[in-house]
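In the numbering used here, the protein residues as written are 6 to 191.
C-beta: ideal position from N, C-alpha, C; glycine also.
Values in this document were obtained by computation on a predicted structure and should not be read as measured data.
(1) Where does residue 53 sit, in a helix, a strand or coil, going by DSSP?
(2) Do residue 12 and residue 69 come within 8 Å of each other at the CB atom, strictly closer than that value?
(3) I'd like the span of the alpha helix (DSSP H) that includes residue 68, first residue to last.
(4) Find the nearest neighbour of residue 156 within the set 15, 125, 84 and 78, judged by alpha-carbon distance.
(5) Quick check: what's the CA-CA separation for residue 36 versus residue 29?
(6) Return the CA-CA distance between residue 23 and residue 140, expressed in angstroms with no decimal places.
(7) In terms of alpha-carbon separation, which member of 40, 60, 9 and 18 lies closest to residue 53?
(8) Find out if the Cβ-Cβ distance for the pair residue 164, residue 110 is shorter than 8 Å.
(9) Go through its chain and collect everything with a Cβ distance to residue 132's Cβ below 7 Å, but skip five positions before and after it.
(10) Relative to the alpha-carbon of residue 123, which residue among 149, 108 and 112 has its alpha-carbon at the smallest distance?
(11) Just to confirm, are residue 4 and residue 88 a CB contact at a threshold of 8 Å?
(12) Nearest CA to the CA of residue 41: which residue from 57, 78 and 85?
Encoded structure:
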C-alpha cells in the first residue's frame, strides 16, 4: 500500500495536465483552473483515506474541483446581491464615502435584534447556508428563514431597497409547468 505522498506525487506527475484541462473546462480561466486544482489536491489529501490509489484519487480531485467551483460561484452570486450596500453610485468615490457606506450598514445591523443580526451576518457575510446557520445557532431552519426575512425587511427600511437578497436559503430555480396553470392554460 502506497503512502498518500506517493499517491499524490504519482497523480500530479501523470495526470496534472488532465486535471488542469478539466478545471479549465469547468471555470474557463487558466489561472483560476490552477487554483482549483491546488485547492482540490489539498482537500483530497488533507484527510487520510485507506487504500487510495491514483485512479481513485483522480476521481476525488475532479469532484473537489467541481465542488470548489460551485461553492465559489454561489459565494459570488450572494455577494453580488448585497454588494451595492457597500458601493453606491450616490456615494463619493473617495475612501471617506466608502467608510460612510460601511458605517450605514453597521448602524443598520446594530438596530436588528441579536438573533436576527446573527442570521443576517452568517448568511450574507460568512456565506453560510440556512442549514449551516441553523446548526451553528441551534435553531430550526424555518426560524432562520423567518429571521432572514425579518432582518432584510428591517435593513430595507433603513438602507433602501435591497436587490433580491434571496432569503430561501439556497440558490433555487422555479419552473412553471403547463399543469401549474390549470387545464385551460389560464
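Well, looking at it:
(1) Working through the chain shown from its first residue, we reach residue 53 at position 48. Three-state DSSP puts residue 53 in coil, outside helix and strand.
(2) Residue 69 sits at position 64 when you count from the first residue of the chain shown. Residue 12 sits at position 7 when you count from the first residue of the chain shown. No, the pair does not count as a contact, with Cβ atoms beyond the cut-off.
(3) Locating residue 68 in the chain shown gives position 63, where the first residue counts as 1. Its alpha helix (DSSP H) spans residues 59-87.
(4) Translated into the one-based positions of the chain shown, residue 156 becomes position 151. It is 125.
(5) Taking the first residue of the chain shown as position 1, residue 36 is located at position 31. Taking the first residue of the chain shown as position 1, residue 29 is located at position 24. Put simply, the backbone Cα of residue 36 is about 9 Å away from that of residue 29.
(6) For this step, residue 23 is matched to residue 18 along the chain shown. For this step, residue 140 is matched to residue 135 along the chain shown. Whole-angstrom Cα-Cα distance: 38 Å.
(7) Taking the first residue of the chain shown as 1, we reach residue 53 at position 48. For the residues 40, 60, 9 and 18, the minimum Cα distance to residue 53 belongs to 9.
(8) Numbered from 1 along the chain shown, position 159 holds the residue referred to as residue 164. Numbered from 1 along the chain shown, position 105 holds the residue referred to as residue 110. It is a contact, given that the beta carbons lie within the stated cut-off.
(9) Translated into positions along the chain shown, residue 132 becomes position 127. Cβ within range, chain order: 80 and 83.
(10) Counted from its first residue, the chain shown places residue 123 at position 118. Here the closest residue by C-alpha is 149.
(11) With the chain covering 6 to 191 only, the question about residue 4 has no answer from this structure.
(12) As a working mapping, residue 41 is identified with position 36 in the chain shown. For the residues 57, 78 and 85, the minimum Cα distance to residue 41 belongs to 78.
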